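In my numbering, the protein residues as written are 411 to 597.
Quick reminder that beta carbons are idealized off the backbone N, C-alpha and C, glycines included.
Predicted, not measured: the structure shown is a model, and the values here were computed from it.
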Amino acid sequence: MSARPVVGVVMGSDSDWPVMQAAVDVLDEFGVPSAPDVLSAHRMPTEMISYGQAAASLGLKVIIAGAGGAAHLPGMLASVTTLPVIGVPVPLKHLDGLDSLLSIVQMPAGIPVATVAVGGARNAGLLAVRILAVSDRVLSERMADFQADLRSTAQAKGEALRARVRVLRAGDELAPPMGPIGPGNEL
Ligand code: RP5
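In C-alpha cells form, the structure reads like this:
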C-alpha cells in the first residue's frame, strides 16, 4: 500500500509479527494505510521515544503497539504522544500472556492505553478503524457493513445449530428405547 500511513503498527520484536499481522490485515481489508515496524521499548529506548514524539506530526492518527512479557511499549508510547494508543498483549511461551496483559492494561491515571484481549490484534485493527471512522463517513459505512455481515454470519450459525438439534431430536424420537429407559420409564 503506497498511501501515507495513518496507523502505526509497532511491536517489540519480529517474533510478535505472527500475532500482530492480524491488525495489519484488517486495516488492509478496510483500505486503511498502515506502517508496521519493530520498535522495542527496552532495546531501542531512544528510537521509541523519538517515534512517539514524531508520530502525530508524521501524519499518524492512531498507534497500535504490541509486545510480550514486560510489555512497556504501548504505555511508553502513550506517555510521549497525544494520539490514541491501542495495546496488544502478545502471549509468549510462559504465563500465557497474562504478564503482557497486566503490563499493558495497568496504566497509571492520565495515560490511557486501550488494551485489547491477549493476542487480540484483529480487534486492535478494528478499533483503530472505528476511531478513524468518527471523522470519515466512508470508513464509517464500511464498518456498518462489516457489522451487518457479522450479524448475518451469527444468524446463519444459529439457524444451522437449530437445524442440527431438530435432526438430533427427530433421531431420538425414531430410535427404539434401550434398556430400562424409554417412554414411560424415563430416568
Ligand atoms: C518483547 O520481548 C517483544 O515484544 C517480544 O514479545 C518479546 C521477545 O522478543 P524476542 O526475544 O523474540 O526478540 O519485548
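Cβ-based neighbour list, residue i, same chain, cut-off 7 Å, excluding 5 preceding and 5 following
| i | result |
| --- | --- |
| residue 577 | none |
For residue i, three-class secondary structure by DSSP
| i | result |
| --- | --- |
| residue 422 | coil |
| residue 528 | coil |
| residue 447 | strand |
| residue 499 | strand |
| residue 479 | coil |
| residue 417 | strand |
| residue 521 | coil |
| residue 442 | coil |
| residue 472 | strand |
| residue 549 | helix |
| residue 493 | coil |
| residue 458 | helix |
| residue 453 | coil |
| residue 513 | helix |
Any non-hydrogen atom of the ligand RP5 closer than 7 Å to residue i Cβ
| i | result |
| --- | --- |
| residue 500 | yes |
| residue 486 | no |
| residue 477 | yes |
| residue 421 | yes |
| residue 426 | yes |
| residue 513 | no |
| residue 543 | no |
| residue 550 | no |
| residue 504 | no |
Selected residue, minimal CA-CA separation from residue i, among the options
| i | options | result |
| --- | --- | --- |
| residue 560 | 424, 482, 536 | 536 |
| residue 426 | 432, 477, 445, 553 | 477 |
| residue 475 | 503, 513, 441 | 513 |
| residue 464 | 448, 574, 418, 440 | 418 |
| residue 447 | 538, 563, 509, 420 | 420 |
| residue 543 | 441, 431, 432, 433 | 441 |
Contacts around residue i, its chain only, beta-carbon distance under 6 Å, and the 5 residues preceding and following it disregarded
| i | result |
| --- | --- |
| residue 485 | 517, 523 |
| residue 556 | none |
| residue 469 | 414 |
| residue 450 | 422 |
| residue 546 | none |
Cβ shell of residue i (< 8 Å), same chain only, five flanking positions each side left out
| i | result |
| --- | --- |
| residue 529 | 429, 498, 499, 500, 501, 507 |
| residue 411 | Unreliable positioning characterises residue 411 in this predicted model, as indicated by a pLDDT of 47, which lies under 50. The coordinate reading is nonetheless provided below. Only 438, 443, 444 meet the Cβ criterion. |
Cα-Cα separation between residue i and residue j, rounded to whole angstroms
| i | j | result |
| --- | --- | --- |
| residue 424 | residue 435 | 16 Å |
| residue 415 | residue 492 | 17 Å |
| residue 457 | residue 479 | 20 Å |
| residue 526 | residue 520 | 19 Å |
| residue 472 | residue 584 | 59 Å |
| residue 489 | residue 541 | 19 Å |
| residue 461 | residue 515 | 21 Å |
| residue 494 | residue 482 | 16 Å |
| residue 597 | residue 582 | With a pLDDT of only 46 at residue 597, under the threshold of 50, the placement of this residue in the model should not be trusted; the figure read from the coordinates follows. Approximately 15 Å, taken between the alpha carbons. |
| residue 487 | residue 551 | 30 Å |
| residue 554 | residue 454 | 39 Å |
| residue 549 | residue 569 | 30 Å |
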